[in-house]
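To keep things clear, I will list the structure first and then write my remarks on it.
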Amino acid sequence: MRSFQFDRAASTEQALKAGQSNQAMYLAGGTTLLDLVKLDVMQPERLVDINRVGLNRLERQDDGSVRIGALVTNTTLAQDNYIVQAYPVLSQALLAGATTQLRNKATTAGNVMQRVRCHYFRDNVSPCNKRKPGSGCSAIEGDHRSVHAVLGTSQHCIAMHPSDMCVAMAAIGATVHVQGPKGERTIDFLDFHLRPGDTPEREHALAPGELITYITLAPPLANSLSGYLKLRDRASYQFALASSAIIVQLQGDRITDARIALGGVGTKPWRAHEAEQSLRGQPANDETFRRAAQLALQGATPYRHNAYKIPLAQQAIVRNLQTLTGGVA
1 MRSFQFDRAA
11 STEQALKAGQ
21 SNQAMYLAGG
31 TTLLDLVKLD
41 VMQPERLVDI
51 NRVGLNRLER
61 QDDGSVRIGA
71 LVTNTTLAQD
81 NYIVQAYPVL
91 SQALLAGATT
101 QLRNKATTAG
111 NVMQRVRCHY
121 FRDNVSPCNK
131 RKPGSGCSAI
141 EGDHRSVHAV
151 LGTSQHCIAM
161 HPSDMCVAMA
171 AIGATVHVQG
181 PKGERTIDFL
191 DFHLRPGDTP
201 EREHALAPGE
211 LITYITLAPP
221 LANSLSGYLK
231 LRDRASYQFA
241 LASSAIIVQL
251 QGDRITDARI
261 ALGGVGTKPW
271 RAHEAEQSLR
281 GQPANDETFR
291 RAAQLALQGA
301 TPYRHNAYKI
311 PLAQQAIVRN
321 LQTLTGGVA
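So for the sequence shown, UniProt numbering puts the first residue at 1; every next one is plus one.
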């Protein structure tokens, strides 16, 4: 392992000051960062421990929204009574990810910032545009069956975003609050993660030295039902091959509003706006669900070994909608 400087910040201000040096990185739970440092994929010159800066509060706001501190653990968030009641899709997504031990350490901001699981990115040997821009993407012609995307890809990168939590937040609607050298600002959650395009090394909208301080969830959709469905090779500790986070509002047998986000198939948490629009005002039946599922994947680009993800993601949408609406035929 390479040597690096270690700082322990006692406040957000101290953390931001220490984080301004070149190649400085913030350390919270470390469930992704420490793995990648050990693999020599990430090479910080300075680690800034932020666990003592106090960003660990989970607060319900007057309008029903929730303010989640950056350091709130995945376990705390998943088990909070209000989250379970008002945002079941988020609690289910968190419990579907990783192991109990990892959820106890992993933080909200760290989950948002986690990096891809592409084996070519992590092996530190294969050509990878994300790790070394301009070197090529080994996954396109290589092994891309499980942790690679069919939505939002480019000729430079096809790695999928691995988070379950982020898929649920994309469906709910959220705002990321950050602080940095130029002060405070907010980033819409759907704009936070970036498609690879021509710059796959840029994965998020944070500027150098900026720190996520908290995330605000939009108020829950009134009288709605929500759920997270994750399809994977095995039930324990496995990343999604395809997943759906769905929030649906019903009046009788008709859908009045819907929100759909997909995981396992996109280079970022994928919000399916056209599919949502197709559901509004329509009867809650299989024909409606299948039409929405087709729209959600209409822009997909399959590769040799992961074309199956398109019908699998469509099934994740249809099955989730059937479950939430009581199997209306």
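Cβ coordinates follow ideal geometry from the N, Cα and C atoms, glycine included. Quick caveat, the model's predicted, so the values are computed rather than measured.
(request) Let me know the beta strand (DSSP E) ranges lying completely inside the stretch 58 to 88, each 3 residues or longer, listed in chain order. (result) 58 to 60 and 66 to 69
(message) I'd like to know if the stretch 211 to 222 and the stretch 116 to 127 are in contact, where contact means that at least 3 CB-CB pairs between them fall below 8 Å.
(response) no
(request) Give the single residue among GLU274, THR256, CYS118 and ASP188 whose Cα lies nearest to the Cα of residue 335. (result) With the chain covering only 1 through 329, there is no way to say anything about residue 335.
(message) I need the straight-line Cα distance from residue 335 to GLN251, nearest angstrom please.
(response) The shown model of the chain, from 1 to 329, leaves out residue 335, and the question about it has no answer.
(request) Return helix, strand or coil for ARG254, following the three-state DSSP convention. (result) strand
(message) Which complete alpha helix (DSSP H) runs does the stretch 119 to 193 hold, if anything under 4 residues is left out?
(response) 119 to 122, 165 to 172 and 189 to 192
(request) May I ask which residues mark the beginning and end of the alpha helix (DSSP H) holding GLN315? (result) 309 to 324
(request) Evaluate LYS309 with the Cβ neighbour count: other Cβ atoms within 10 Å of its Cβ, from every protein chain shown; 16 or more gives buried, anything less gives exposed. (result) buried
(message) Which residues does DSSP list as the beta-bridge partners of ILE50?
(response) Answer is none; ILE50 lacks a bridge partner.
(request) Out of THR32, ALA109 and GLN14, state which residue places its alpha-carbon closest to the alpha-carbon of ILE215. (result) ALA109
(message) Between which residues of its own chain and GLN85 is the CB-CB distance below 6 Å, once the five residues before and five after are set aside?
(response) none
(message) Using only the alpha-carbon positions, how far apart do ILE140 and ALA168 sit?
(response) 28 Å
(message) Rounded to the nearest angstrom, what separates LEU312 and LEU77 at their Cα positions?
(response) 29 Å
(message) On the criterion of 16 or more Cβ atoms from any shown chain inside 10 Å, does TYR82 qualify as buried, or is it exposed?
(response) exposed
(request) Could you check which residue in ARG46, VAL37 and TYR120 has the C-alpha nearest to that of ALA9? (result) ARG46
(request) Would you mind reading off the limits of the alpha helix (DSSP H) that contains GLY110? (result) 108 to 113
(request) For PHE189, count neighbouring Cβ atoms within 10 angstroms of its own Cβ and tell me buried if that reaches 16, exposed if not. (result) buried
(request) Could you tell me which residues DSSP puts in a beta bridge with TYR303? (result) Paired residues: none, contrary to the question.
(request) Alpha carbon to alpha carbon, how far is ARG259 from LEU33? Give it in angstroms, no decimals. (result) 32 Å
(request) Take every Cβ of the stretch 56 to 71, pair it with every Cβ of the stretch 144 to 164, and state whether three or more of those distances are shorter than 8 Å. (result) no
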